[in-house]
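Last residue of the sequence shown: 1074 (the working numbering), numbering continuous. Since the structure comes first, as structure tokens, the remarks are kept for the end.
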Amino acid sequence: VAAWAPPRRHAAPPDGLAVATALYQARNTSRFTSGTPSDTAPCAALAQMRALRALGGLGPHVDYVVVHAGLLGWQLKLLARHGIKLHAGRLPPAEAPYPTEYERAMLLKVDVLALTQYARVLFLDVDMYPRRPIAGLLSIEYDEVTAAGGTPRRPLGPGSTPHGPNPLAERGPRPLRRAPQRRPPCST
């Protein structure tokens, strides 16, 4: 079995960087917020973008991209007005194996792979708000990882992630430790 090469960190990130998220405006699915379309989806993306920029490190050279489907014109204009790049995604047809709107909406994330104009893309779900700067993630380079989840030299197997082998997972599950028994406080 070929070993994974350790990741390489570049002194300066390359040109053509993006942080991407996916947004879908639900229609009539109870799994989503029901009712008339609101500004919830675009506001979530705006809040995420502002949080990322406020943490530092994601300057104007990093695009924030929303892969979208089903958003209304006014929602797209709102996002564009705040400097968000828009990429129209596609949902699969409402047939098996994805009969529900929720299942099809989850596949919108696959369209992030179409952002080939960027050297690197970091995908974050719209409800993810990092607690520390993430700009360093854009300067790390791993071996060629494919969308199928492996490299040409070593396919993704048990205990691996698309970012490389996971040594904690490869050693197997650890036995559970018992919590120390606490003695009740003494009564006087």
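Ideal placement from N, C-alpha and C gives every residue a C-beta, glycine not left out.
Beta-bridge pairing by DSSP links Ala908 to Val953.
Distance from the CA atom of Pro893 to the CA atom of Pro900, rounded to whole angstroms, is 15 Å. By the beta-carbon neighbour count (other beta carbons within 10 angstroms, threshold 16), Met1014 is exposed. Secondary structure note for Lys963: its alpha helix (DSSP H) is the uninterrupted segment Gly959 to Arg967. Taking C-beta atoms as the reference points, Asp949 and Val1012 fail to come closer than 9 Å. The three-state reading of DSSP puts Arg894 in strand, counting E and B together. Under the three-state reduction of DSSP, Arg1017 is assigned to coil, being neither helix nor strand.
Taking the Cα positions, Leu965 is about 31 Å away from Glu981.
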